[in-house]
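Q: After the C-alpha cells below, expect a handful of questions from me.
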Amino acid sequence: MPDRDTMASMASTTPPPAIVALTNGAFTGLSKDESLEWIVARADGVQLVAYTAEELDDDVDGWVRRCREADLSIVAVHAPPHDIGRPSAAVVDRLVRVADGHRVVAHPDAMGDLAPWTRLGGQLLVETLDPGKSTGRTVPEVEAILGHLPDAGVCLDVSHSLTAGGPDLPVEMARRWGDRIGLLHVGCQRGRGAGRGDEVPAVDLDVLAAVRGLLPDTPVAVEGHWSVAAHMRVLEHLTGRGR
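Sequence positions in the sequence shown follow the numbering used here and run 200 to 442.
Rendered as C-alpha cells:
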C-alpha cells in the first residue's frame with residue numbers, strides 16, 4: 200500500500216482535467232430548471248439519482264427528457280441507495296427502462312437478491328461504501344459481490360473508501376481494479392470548513408489526485424446536497440480552473 204510520501208509523489212504529477220458530472224437535485228436553493236442550467240454551463244455531464252423506486256419514474260424519467268433536450272450527457276443513473284423493501288427484480292426492471300443503456304450505480308447493501316442485477320451486465324457499477332454500511336466497505340466485500348456479477352464494474356467512491364480504510368484504501372482499490380472502475384465519486388461535508396456552516400470536500404485532495412493519477416480518464420461525479428460555492432471549489436480542483 201502507498202505511504203503518504205508515495206501519494207504525494209503521485210499527486211505531484213497533475214492528472215489532466217477531469218470529466219466532471221454533477222448530480223441532479225444536489226444544489227441547495229435552486230429549482231430543477233436552474234440546476235439544469237448550472238450543470239449545462241459548468242459540467243461535462245450529469246449523474247441522475249433516485250432515492251426511491253418511485254423517483255425512477257417520477258423524477259429521473261423527467262430529468263432524462265431534460266438532459267436530451269439540453270444535449271447533456273448522462274454519465275450514470277444511481278439506483279435507490281437504501282433498502283426500499285421492493286423485490287430486486289422490480290427495481291431492476293425500472294432501471295433497465297429509465298437508464299436506457301447508461302451506466303447504473305448501485306449500493307451493494309441495497310441490492311438485495313443479486314441475480315436480477317445480472318440483466319444490467321456491464322452497465323452496472325457496484326459502489327464502494329462507507330464503514331456505516333453492512334457490506335461494500337473493503338476489497339474482499341466488494342469482490343465477493345462482483346463474484347456474483349462478473350460483468351459488472353466498480354464505482355469507486357473516494358470519500359467512502361477514505362472513511363472506511365484510510366488514505367491507502369482508495370489508492371489500493373484504484374490499482375487493483377483499474378479499468379474496471381467506470382466512475383469515481385467524491386462527496387462533501389457540511390460544517391467542516393474554515394467558516395461556520397462552510398462545506399468542504401469529504402476527501403483528502405492528495406488522495407483524490409493520486410487516484411486520478413491512476414485513472415486519469417475515469418469520469419468523476421460530485422455528490423452531496425451543498426451550495427453552489429462549494430461545487431465551484433471542487434470543480435476548480437478537478438478541472439484546474441473555475442467554471
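For every residue, glycine included, the Cβ atom is placed at its ideal position computed from N, Cα and C.
Quick one: residues in its chain with C-beta nearer than 6 Å to the C-beta of A249, no 5 flanking neighbours on either side, listed in chain order?
A: L255, V259, P279
Q: Starting from R302 and walking both ways along the beta strand (DSSP E), at which residues does that stretch end?
A: Boundaries of the beta strand (DSSP E) harbouring R302: 302-305, taken from the DSSP string.
Q: In whole angstroms, what is the alpha-carbon distance linking L235 and G377?
A: 31 Å
Q: Quick one: residues in its chain with C-beta nearer than 7 Å to the C-beta of E340, no 5 flanking neighbours on either side, listed in chain order?
A: T334
Q: From this set, R379, R296, P315, which residue's C-alpha is nearest L324's C-alpha?
A: R379
Q: What is the DSSP secondary structure of H384, counted as helix, strand or coil?
A: strand
Q: In three-state terms, what does DSSP make of D312?
A: In the structure shown, D312 sits in coil (DSSP, three-state: anything other than H, G, I, E or B).
Q: Out of curiosity, what's the CA-to-CA distance linking E422 and V291?
A: 23 Å
Q: Identify every run of the beta strand (DSSP E) within the stretch 234-268, keeping only runs that are complete inside it and at least 3 residues long; order them along the chain.
A: 244-248
Q: For I218, is the beta carbon positioned less than 8 Å from some heavy atom of the ligand SAH?
A: No copy of the ligand SAH appears in this structure; indeed no ligand is present at all.
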